[in-house]
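Participant:
Number of protein chains: 2
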Amino acid sequence: MSGLRRFNELRPPERILMGPGPSNINYRVYKAMSTPILGHLDPDFMSVMDEICEMLRLVFKTRNRLTIPISGTGSSGMETAFVNLIEPEDKVIIGVNGLFGERMVDVALRCGARVFRIDEEWGKIIDPGRVVDTLVKHPDTKIFAIVHAETSTGAKQPLEEIGAFLRDKDTLFVVDAVTSLGGCELKVDEWGIDVCYSGTQKCLSVPPGLSPITLSEKALYILHSKRSRVQSWYLDLTLIERYWGEERFYHHTAPVSMLFALHEGLRIVLEEGMERRIERHQTVGDYLKTRLQELGWELFAQEGYRLPMLTSVVLPNGVDDAKLRTRLLRDYGIEIGGGLGKTKGRIWRIGLMGETCKRQNVELFLLALKELIG
Amino acid sequence: MSGLRRFNELRPPERILMGPGPSNINYRVYKAMSTPILGHLDPDFMSVMDEICEMLRLVFKTRNRLTIPISGTGSSGMETAFVNLIEPEDKVIIGVNGLFGERMVDVALRCGARVFRIDEEWGKIIDPGRVVDTLVKHPDTKIFAIVHAETSTGAKQPLEEIGAFLRDKDTLFVVDAVTSLGGCELKVDEWGIDVCYSGTQKCLSVPPGLSPITLSEKALYILHSKRSRVQSWYLDLTLIERYWGEERFYHHTAPVSMLFALHEGLRIVLEEGMERRIERHQTVGDYLKTRLQELGWELFAQEGYRLPMLTSVVLPNGVDDAKLRTRLLRDYGIEIGGGLGKTKGRIWRIGLMGETCKRQNVELFLLALKELIG
């Protein structure tokens, strides 16, 4: 068989993953992921599932019953949020100040929503007062959705004021926390968030492939009182909740190894403790920002609203984006991210997420930068 | 933090996975899966992606350009097939002789299709002549879909006659090969299949979480000439093909570790060789069936059309399904599957897929059976 000859064993180079995700993985997570699998209906697997849900609640800071990982990457979590709650012609308002806000608009439109945008310049936050004013004028809004950590720009969106306003309204508050969960403060219950989804490959430092999501009782009520069927079978929470709940009703075969990995990743997060973990991200992220500014680099995201785990910097004139990133990768094993969409070729995005978030990585990156562009 | 105290390291018991999937995993796959990850846009990862596609083409026996793993379990492959090809009011005919045929109906309805069913008793195949007759009467059918290996019943559906008929028609031939791929003959190009999807956790013996799919040029033409937008963003092949193709346009963060696992799993499949692998599944599956019949068990699926990798048997009167399966699991570490839907409590489904498919597992199972029910 030609197979033997042509396809060699994987021997990828080692990388320091300082891009916008995935981040580096702790060896314990790899070990857990390689644990011989159980069947997806094995009673011993059920207890693993239950523990994952319990740990996710601690990380999301929520008591929400339906707090589970979706069997897909972060974007599947976004789609799960919209597809389960939107009915055709529903009014959805979305804050858009980056690529992932744009993606939300795209997904909501595919669900048949009437989408209204609150646009802001990329890199800036969306003024919460402006959001509240808009929502006051549109009390018939089914969903207001916004990105907490805009991975495309490095801006951190304040959520409390919006959540407080929406708490006693009919409008659901949907938050994309793909990049923020586990790396900065996020309090689902206290902030009045109804639906919050994330990804495993950012500050949780678990390989990409799962999307933790949590829904409030208000969101569950809307889910269960929908007239139309959820347009996705795979992401239909009315079916998925029966598998993750007491009934254990078979829906799809759970991605067992990925869930083992998530179990260990969450254990590591809780061992460190959320507060200490958040502080570490802040400290190391601040250090990178300070050093870059000392070196004359300009930060891209709005001052006062910069993400700890993802630093965006404006590329100086004359710096060849692609060429330099290639050299960082090839010669130093360091992956960083370029701009996306509107900022392509204009900014870099340097991630310090989860396992990657330590000073030695910052120092190595700065050294490489010095050697490459002086 | 209470986390430290309450959540222990995973130490799941060892299992012989003789259910309807997942199957056991080769240690080489676990090792590959634990290989430190690369970023999803790393040039070294691109070559891994390319090799996966090449190997999948060999396994599917196709030259289809778009032959890729979808970032979800087998059911996400089913949804990908329908959601990308169906427009509202399209006529879709589906063969239904088990749970996964029913699931296809459900998914197609959610895409807005007008669904017509060709029903058959569970455990029986759907007569290909009857399918062709129906398709002759309905030349305006957009899609005819059927399950190759009905995991809920153990029946193997003949496909050649249907494929030959549809080859020069406008109707697309969609085949669910979740359980068959890598375990019995399946020739996508030769049989005229337009869309074929599978899962990794059956005869490929890779953990659950990916769904290989392949689309013919005819299917791609329909995909690209669709008037309406694909209703799922996450499964939108017009976007996904730009990431897996030369453009490498970012869509979602690929599940890197699962793809490493698939790469090694496919290497193992090709090292054994498809023919030898198929023969092994046939031989070991036949052996189980013969021995069960000698012991007086009645096979459930239609004679002449029984799956090699999944044997369905009728439970004798007086056998307590749940209790016995629990004892098999607890006392012998053997997982087998019960019935699903209509056959719940009436049949067992015994899988011999991929790594699990070896005589020693059959012997152990028979021994356990003897000790438990004499």
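So the protein lines, in turn, are chains W and Y. Heads up: take any position in the first sequence, counting from 1, add 202, and you land on our numbering. Heads up: take any position in the second sequence, counting from 1, add 202, and you land on our numbering. By construction, the Cβ of each residue, glycine as well, lies at the ideal position given by its N, Cα and C atoms. All values derive from a computational prediction rather than experimental measurement.
From what residue to what residue does the alpha helix (DSSP H) around residue 367/Y run?
Facilitator: Here residue 367/Y corresponds to residue number 165 of the second sequence, with the count starting at 1. Segment 362–368, the alpha helix (DSSP H) holding residue 367/Y.
Participant: Which first and last residues belong to the beta strand (DSSP E) in which residue 537/W is found?
Facilitator: Your numbering for residue 537/W matches position 335 in the first sequence. Bounds of the beta strand (DSSP E) holding residue 537/W are 536–540.
Participant: Check the Cβ of residue 431/W against every Cβ in chain Y and list those closer than 7 Å, keeping chain order.
Facilitator: Translated into the one-based positions of the first sequence, residue 431/W becomes position 229. Result: 312.
Participant: In angstroms, rounded to a whole number, what distance separates the CA positions of residue 413/Y and residue 492/W?
Facilitator: Here residue 413/Y is taken as the residue at index 211 of the second sequence, counted from 1. Here residue 492/W is taken as the residue at index 290 of the first sequence, counted from 1. The straight-line gap from Cα to Cα measures roughly 45 Å.
Participant: If the cut is a Cβ gap below 7 Å, which residues of chain Y does residue 275/W touch?
Facilitator: The count along the first sequence starts at 1 and reaches residue 275/W at position 73. Listed along chain Y, the residues sitting closer than 7 Å to residue 275/W by beta-carbon distance are 273, 454, 455, 457.
Participant: Can you confirm whether residue 219/W, when its beta carbon is compared against all beta carbons of chain Y, has any partner nearer than 8 Å?
Facilitator: For the purposes of this step, residue 219/W is taken as the residue at position 17 of the first sequence. By this cut-off, residue 219/W is an interface position.
Participant: Excluding five sequence neighbours on each side, which residues of the same chain lie with their C-beta closer than 8 Å to the C-beta of residue 439/Y?
Facilitator: Taking the first residue of the second sequence as position 1, residue 439/Y is located at position 237. If we look at residue 439/Y and ignore the five residues flanking it on each side, its Cβ neighbours are 268, 282, 286, 417, 425, 432.
Participant: Looking at residue 464/Y and residue 408/Y, is the spacing between their C-beta atoms short of 8 Å?
Facilitator: Indexing the second sequence from 1 puts residue 408/Y at position 206. Indexing the second sequence from 1 puts residue 464/Y at position 262. Cβ atoms of residue 408/Y and residue 464/Y: closer than 8 Å.
Participant: Give me the DSSP bridge partner(s) of residue 417/W.
Facilitator: Here residue 417/W is taken as the residue at index 215 of the first sequence, counted from 1. For residue 417/W, the beta-bridge partners assigned by DSSP are 397/W.
Participant: Which residues in chain Y sit within 7 Å of residue 414/W, going by Cβ to Cβ distance?
Facilitator: Numbered from its first residue, the first sequence carries residue 414/W at position 212. Result: empty, since nearest Cβ-Cβ is about 14 Å, beyond 7 Å.
Participant: Output needed for residue 389/W: all residues of its chain with C-beta closer than 6 Å, excluding positions within five of it in sequence on either side, in chain order.
Facilitator: Sequence index remark: in the first sequence, residue 389/W carries index 187 (1-based). If we look at residue 389/W and ignore the five residues flanking it on each side, its Cβ neighbours are 263.
Participant: Along chain W, in chain order, which residues have C-beta atoms closer than 7 Å to that of residue 232/Y?
Facilitator: Against the second sequence, residue 232/Y aligns to sequence position 30. Under the 7 Å cutoff, chain W gives 236.
Participant: To the nearest angstrom, how far is it from the Cα of residue 239/W to the Cα of residue 329/W?
Facilitator: Your numbering for residue 239/W matches position 37 in the first sequence. Your numbering for residue 329/W matches position 127 in the first sequence. Using only the alpha carbons, I get a separation of about 47 Å.
Participant: Give a yes or no on whether the minimum CB-CB distance between residue 557/W and chain Y is below 8 Å.
Facilitator: As a working mapping, residue 557/W is identified with position 355 in the first sequence. False, the Cβ-Cβ gap to chain Y never drops below 8 Å.
Participant: Three-state secondary structure (DSSP) at residue 327/W?
Facilitator: Position 125 of the first sequence holds residue 327/W. DSSP places residue 327/W in coil when its eight states are reduced to three.
Participant: Suppose you measure from the CA of residue 521/W to the CA of residue 209/Y; what does that come to, to the nearest Å?
Facilitator: What you label residue 521/W is simply residue 319 of the first sequence in a count that begins at 1. What you label residue 209/Y is simply residue 7 of the second sequence in a count that begins at 1. If I take the Cα positions, the gap works out to 48 Å.
Participant: Grouping DSSP H, G and I as helix and E and B as strand, with all else coil, what is residue 303/Y?
Facilitator: Numbered from its first residue, the second sequence carries residue 303/Y at position 101. Correct three-state label for residue 303/Y: helix.
Participant: Out of 406/Y, 371/Y, 404/Y, 381/Y, state which residue places its alpha-carbon closest to the alpha-carbon of residue 396/Y.
Facilitator: The residue labelled residue 396/Y in the question sits at position 194 within the second sequence. Comparing Cα positions, the closest option is 371/Y.
Participant: Can you tell which of 545/Y, 307/Y, 526/Y, 556/Y has the C-alpha that lies nearest to the C-alpha of residue 570/Y?
Facilitator: In the second sequence, counting from the first residue as 1, residue 570/Y sits at position 368. Measuring from the Cα of residue 570/Y, the nearest candidate turns out to be 526/Y.
Participant: Starting from the C-beta of residue 474/Y, find all residues in its chain whose C-beta is less than 8 Å away, skip the five residues before and the five after it, and write them out in chain order.
Facilitator: Reading the second sequence from its first residue, position 272 is the one you call residue 474/Y. These residues qualify, in order along the chain: 482.
Participant: Distance check for residue 442/Y and residue 300/W, CA to CA, integer angstroms please.
Facilitator: Position 98 of the first sequence, counting from 1, holds the residue named residue 300/W. Position 240 of the second sequence, counting from 1, holds the residue named residue 442/Y. One Cα belongs to residue 300/W, the other to residue 442/Y, and the distance between them is close to 21 Å.
Participant: Tell me whether the segment 295–310 of chain W and the segment 351–369 of chain W touch, counting them as touching only if at least three CB pairs, one residue from each stretch, are closer than 8 Å.
Facilitator: yes
Participant: Return the chain-ordered ranges of every alpha helix (DSSP H) run that is complete within the segment 256–297 of chain W and spans a minimum of 4 residues.
Facilitator: 276–287
Participant: When you compare each of 360/W, 394/W, 381/W to residue 369/W by their alpha carbons, which one comes out closest?
Facilitator: Residue 369/W sits at position 167 when you count from the first residue of the first sequence. Out of 360/W, 394/W, 381/W, 394/W has the C-alpha closest to the C-alpha of residue 369/W.
Participant: I'd like to know whether the C-beta atoms of residue 555/W and residue 225/W end up nearer to each other than 8 Å.
Facilitator: As a working note, residue 555/W is residue 353 in the first sequence. As a working note, residue 225/W is residue 23 in the first sequence. It is a contact, given that the beta carbons lie within the stated cut-off.
Participant: What is the residue span of the beta strand (DSSP E) that residue 513/W lies within?
Facilitator: Taking the first residue of the first sequence as 1, we reach residue 513/W at position 311. Residue 513/W -> beta strand (DSSP E) spans 512–516.
Participant: Closer than 8 Å between beta carbons: that is the criterion. Which residues of the segment 393–414 of chain Y meet it against chain W?
Facilitator: Within the segment 393–414 of chain Y, the qualifying residues are 401, 403, 409, 410, 411.
Participant: Buried or exposed: where does residue 502/W fall if 16 or more other Cβ atoms within 10 Å of its Cβ makes it buried?
Facilitator: Residue numbering aside, residue 502/W sits at position 300 when the first sequence is read from its first letter. By the neighbour-count rule (16 or more Cβ atoms within 10 Å), residue 502/W is buried.
Participant: Would you kindly work out how many angstroms separate the C-alpha atoms of residue 402/W and residue 411/Y, rounded to a whole number?
Facilitator: One-based indexing of the first sequence puts residue 402/W at position 200. One-based indexing of the second sequence puts residue 411/Y at position 209. Cα to Cα, residue 402/W sits roughly 14 Å from residue 411/Y.
Participant: By alpha-carbon positions, which one of 309/W, 304/W, 277/W ends up nearest to residue 290/W?
Facilitator: Within the first sequence, residue 290/W is the residue found at index 88, counting from 1. Looking at the Cα atoms, 309/W is the closest of the given residues.
Participant: Cutting at 8 Å between CB atoms, please list the residues of its own chain near residue 288/W, excluding the five before and the five after it.
Facilitator: To locate residue 288/W, count along the first sequence from 1; it is residue 86. Contacts found: 294, 310, 313, 314, 315, 344, 345.
Participant: Take residue 434/W and list the residues in its own chain whose beta-carbon comes closer than 6 Å to its own, dropping the five residues that flank it on each side.
Facilitator: Locating residue 434/W in the first sequence gives position 232, where the first residue counts as 1. Excluding sequence neighbours, residue 434/W sits near 285.
Participant: Starting from residue 438/W and walking both ways along the alpha helix (DSSP H), at which residues does that stretch end?
Facilitator: One-based indexing of the first sequence puts residue 438/W at position 236. Taken as a continuous stretch (DSSP letters only), residue 438/W belongs to no alpha helix (DSSP H), as it is neither H nor E.
Participant: Is it buried or exposed, residue 459/W, if we count other Cβ atoms within 10 angstroms and call 16 or more buried?
Facilitator: As a first step, residue 459/W must be located in the first sequence, where it is residue number 257. Within a 10 Å sphere around the beta-carbon of residue 459/W sit 16 or more other beta-carbons, which makes this residue buried.
Participant: Rounded to the nearest angstrom, what separates residue 271/W and residue 318/Y at their Cα positions?
Facilitator: Stepping through the first sequence from its first residue, residue 271/W is reached at position 69. Stepping through the second sequence from its first residue, residue 318/Y is reached at position 116. Cα-Cα distance, rounded: 35 Å.
Participant: If you check the beta carbons only, do residue 436/Y and residue 277/W fall under 8 Å apart?
Facilitator: Counting from one through the second sequence, the residue named residue 436/Y turns up at place 234. Counting from one through the first sequence, the residue named residue 277/W turns up at place 75. Closer than 8 Å, so yes.
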